[in-house]
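A.B. asks: Which chain is which? The protein sequence lines are U and E, in order.
Each residue of the first sequence is one higher than the one before, starting from 28 at the first, in my numbering.
Each residue of the second sequence is one higher than the one before, starting from 37 at the first, in my numbering.
Pasting in a structure now, in structure tokens, and then I'll have a few things to ask.
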Amino acid sequence: MSAVEVSPLHRPNDRLRRRKVVNRAMEVIAMLAAAIGVAILFIVVYKIVRNGAGQINWDLFTKSYIPLAPPGTPEGLANAFVGTIVIVGFAVAMGIPTGTLAAIYLVEFAPRRVRSFVSLVLDILQGIPAVVLGIFYYELLVITTHQQRALWGSIAFATMMLPLVARSTMEVLLLVPNSLREASLGLGVARWRTTLGIVLPQTVGGILTGGILAMSRVAGEAAPLLFLSALGGNTVDWNPLHPLQNIPLAIFSLTDSPYPDDHAKAWAAALVITVFILLTSLGARWLAARSKRKLGRS
Amino acid sequence: MSTLETSTEITRRPFSGRRVRLGDLVLQVVAGSAALAVVAIVGTLVYKIVDGARLSMSTFGLGFLIHQNTWDNVGNHFGSLNFIYGTAVTGLGALLIATPLAIGIALYLSELAPSWIRGPVTALVETLAAIPSVILGLWGLLVLAPFLLSEVDPALHSALGFIPLFGPATEGSNLFTAIIVLTIMVLPIVSSISRELFLGVPPELKEAALGLGTTRWEMVRGVILPYSRSGVAAAMILGLGRAVGEAIAVLLVGGGTIASAVNSNLMLPGNTLAAKIASESQGTSTSFEYSSLFYLGVILLGLSLVVNLLAQWIIRRSVRKQGFA
């Protein structure tokens, strides 16, 4: 027995070394993965900035698009910017109040079973692909009225915002300490005034955060608009009852175009909307941290 | 506010009691109808999509699911196999690439990174999720596709060409490019959920493992990954749902308007259910085509419902299990 040599691989020191090497390798792999994740963002953003920055000028925001304009013609995407402002504006006006109210009902009033059922439906709604919402509202609104309208796009966007706003509002409502509600009710304040006057003000930061994130999510969404507001004209129009051109669809069709001039304009629009989304999500992040801190303190 | 008018309060009490209940009722009804609207929208949506597909469903039946190469307005033959195939291949392919990467990112951010790196890198990776799909499509078509076509596709073909998936590429817009773009979309979803799961592993368990002399990786493999396994599965499923529902980016980079047959070669153009629906927004020419469009919607809706309910079920089950542990 004593003649049998222990294979060098199984000597304790070597095994420990091997375990350490594997450990180190895995740490490096994890770090590389994180580096790749960040690098992807930088590569995409770098390309957008590089190709778009040169195209940003006053005309982009003040002049409308002229199809097949000879190079050098002053033109821009004013019509698309206005359309996106109108569509997203109405979506925000519908989506944030509805989402907030639904959350108030679920947290403050609903019986437990209703709450868990509607929460499930909210999750389902959040998972429904945007393009399916597009054909749904096409069938429901465009077919019945025989008209595409910016407003239909707003309704689809508001639907997409609903679960996001409702969920984030529910989260902050649940953070409000029950003692606050009890104190108010104990002083004889009505339930509705307690909810709107005492509980809701505590959660404004959270609601705004959810609302801003939802808004920046839909601001760049194109799929439903393909069906609901794709026939926008090339002039500036603020009427929500007309189909309006908008930034996501403009990027989509300019990308598909064979002309480099159109590609340049697509990059410019992409840069504007990326900057907008980065700023709003940074702002939302800051707001969220602030309101969480405030709720935690009280 | 409540310190005012104490005397009048008393005289008005019988009325104020009723008024208070009225206010409660109004708020409850208004807020309740908002919640009801959520349920109503989803209910109407499911009904309308299925209703719109009725003509196609009764004509083509389940054969719609297995007929390929048929989106034929003249002969009125419609099938969806190639779109189902495209959806499955791009979704699973994106998941296959994104998951290990996302778990690596999540492990780095939850276990390894020094705290000053943690915050910014977490924010950066999550910012990736905020980039609109149409912009990723723009980048994918004009930057990524030519790069893949000239550099990556030939290399993959020469190295792995014996696998039928990696045939010769003829143009940059193909299923492989779509997979890469979808990977970028899925990555932040899986990584941010996984990171939160890893952070939620009880420190006692991790410390116990380290105290027994395991290396950090052995602790990850023996404690963190088994503990959060089901949650990571749910995150993957949610990521798959995102990839399956993506229309615009795939429409731009998949090149799908040309090809219509199922082909194992990823380097050929292909199409997905969502992208096909989006491309039909140009207008359908017959009621059969319109109805078939909704049939595609039924399949896509069914897929996304299954995916989401499955993820929710897994999450709820694992939360319950961890609650008892």
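In this text, a Cβ means the ideal position worked out from N, Cα and C, and glycines have one as well.
Under 9 Å, CB to CB, which of the residues in the region 137-149 of chain E have a partner in chain U?
C.D. replies: L137, A138, I139, G140, I141, A142, L143, Y144, L145, E147, L148, A149
A.B. asks: Hey, how far is the Cα of E207/E from the Cα of L235/E?
C.D. replies: Distance between E207/E and L235/E, taken at the CA atoms: about 43 Å.
A.B. asks: What does Y132/U reach in chain E if we use C-beta pairs closer than 9 Å?
C.D. replies: L63, Q64, V66, A67, G68, S69, A70, A71, L72
A.B. asks: Given a cut-off of 8 Å, decide if L148/E and E102/U are closer than it, judged by their beta-carbon atoms.
C.D. replies: no
A.B. asks: For F51/E, count the other beta carbons within 10 Å of its own beta carbon; 16 or more makes it buried, fewer makes it exposed. Which is it?
C.D. replies: Low local confidence applies: a pLDDT of 47 at F51/E is under 50, so the model's placement there is unreliable, with the coordinate-based value given in what follows. So F51/E ends up on the exposed side.
A.B. asks: Beta-carbon separation of A89/E and V226/E under 8 Å?
C.D. replies: no
A.B. asks: I think I350/E touches S266/E, with their Cβ atoms under 8 Å apart; what is that distance to the nearest whole Å?
C.D. replies: 5 Å
A.B. asks: Distance cutoff 8 Å, beta carbons only. Does N106/U sit that close to anything in chain A?
C.D. replies: Going by chain labels, chain A is absent from the structure shown, which instead holds the protein chains U and E.
A.B. asks: Drop a sphere of 10 angstroms on the beta-carbon of Q175/U, count the other beta-carbons inside from all chains shown, and report buried for 16 or more, exposed for fewer.
C.D. replies: buried
A.B. asks: In angstroms with no decimal places, state the Cα-to-Cα distance between S194/E and N301/E.
C.D. replies: 14 Å
A.B. asks: Determine the chain U residues that contact D60/E at a beta-carbon separation under 7 Å, and present them in chain order.
C.D. replies: Listed by position along chain U, the residues whose Cβ is nearer than 7 Å to that of D60/E are A217, R218, W219.
A.B. asks: Taking the beta carbon of D41/U as the centre, do at least 16 other beta carbons fall within 10 Å, making it buried, or is it exposed?
C.D. replies: exposed
A.B. asks: Distance check for I260/E and V237/E, CA to CA, integer angstroms please.
C.D. replies: 6 Å
A.B. asks: Would you say S284/U faces chain E, with C-beta separation under 8 Å as the test?
C.D. replies: With 8 Å as the cut-off, S284/U does not count as an interface residue toward chain E.
A.B. asks: For L132/E, count neighbouring C-beta atoms within 10 Å of its own C-beta (all shown protein chains included) and say buried if the count is 16 or more, exposed if not.
C.D. replies: Exposed.
A.B. asks: Quick one: list the residues of chain E neighbouring S308/U, beta-carbon separation under 7 Å, in chain order.
C.D. replies: T163, A166
A.B. asks: Given 8 Å as the limit, is there contact between the region 163-179 of chain U and the region 100-119 of chain E, that is, 3 or more CB pairs closer than that?
C.D. replies: no
A.B. asks: CB-CB under 7 Å to T196/U, same chain, minus the five flanking residues each way: which ones, in chain order?
C.D. replies: G126, T127, A130, T230, G233, I234, G237
A.B. asks: Residues of chain E with CB under 9 Å from G247/U, in chain order?
C.D. replies: A166, I167, P168, S169, V170, I171
A.B. asks: With DSSP as the reference, label F279/U as helix, strand or coil.
C.D. replies: F279/U: helix per DSSP, three-state reduction.
A.B. asks: When you check each C-beta in the region 234-249 of chain E against every C-beta of chain U, which residues fall closer than 7 Å?
C.D. replies: none
A.B. asks: Apply the 10 Å Cβ neighbour rule to S308/U and answer buried if 16 or more other Cβ atoms are within range, or exposed otherwise.
C.D. replies: buried
A.B. asks: Between I220/E and chain U, is there a C-beta pair that is closer than 8 Å?
C.D. replies: yes
A.B. asks: If you compare alpha carbons, which of P267/U, N266/U, A291/U, H269/U is closest to A277/U?
C.D. replies: Closest by C-alpha distance to A277/U, out of P267/U, N266/U, A291/U, H269/U, is A291/U.
A.B. asks: Pull the bridge partners of H113/E from the DSSP assignment, please.
C.D. replies: D108/E
A.B. asks: Need the endpoints of the alpha helix (DSSP H) that P156/E sits in, please.
C.D. replies: 151-166
A.B. asks: Going by alpha carbons, who is nearest to A142/E out of S228/E, P200/E, G290/E, T251/E?
C.D. replies: S228/E
A.B. asks: Tell me whether P136/E sits in a helix, a strand or coil according to DSSP, three-state version.
C.D. replies: helix
A.B. asks: Please classify P251/U: is it buried, with 16 or more other beta-carbons within 10 angstroms of its beta-carbon, or exposed?
C.D. replies: buried
A.B. asks: Within the continuous alpha helix (DSSP H) that includes G238/U, where are the two ends?
C.D. replies: Start and end: 231-246.
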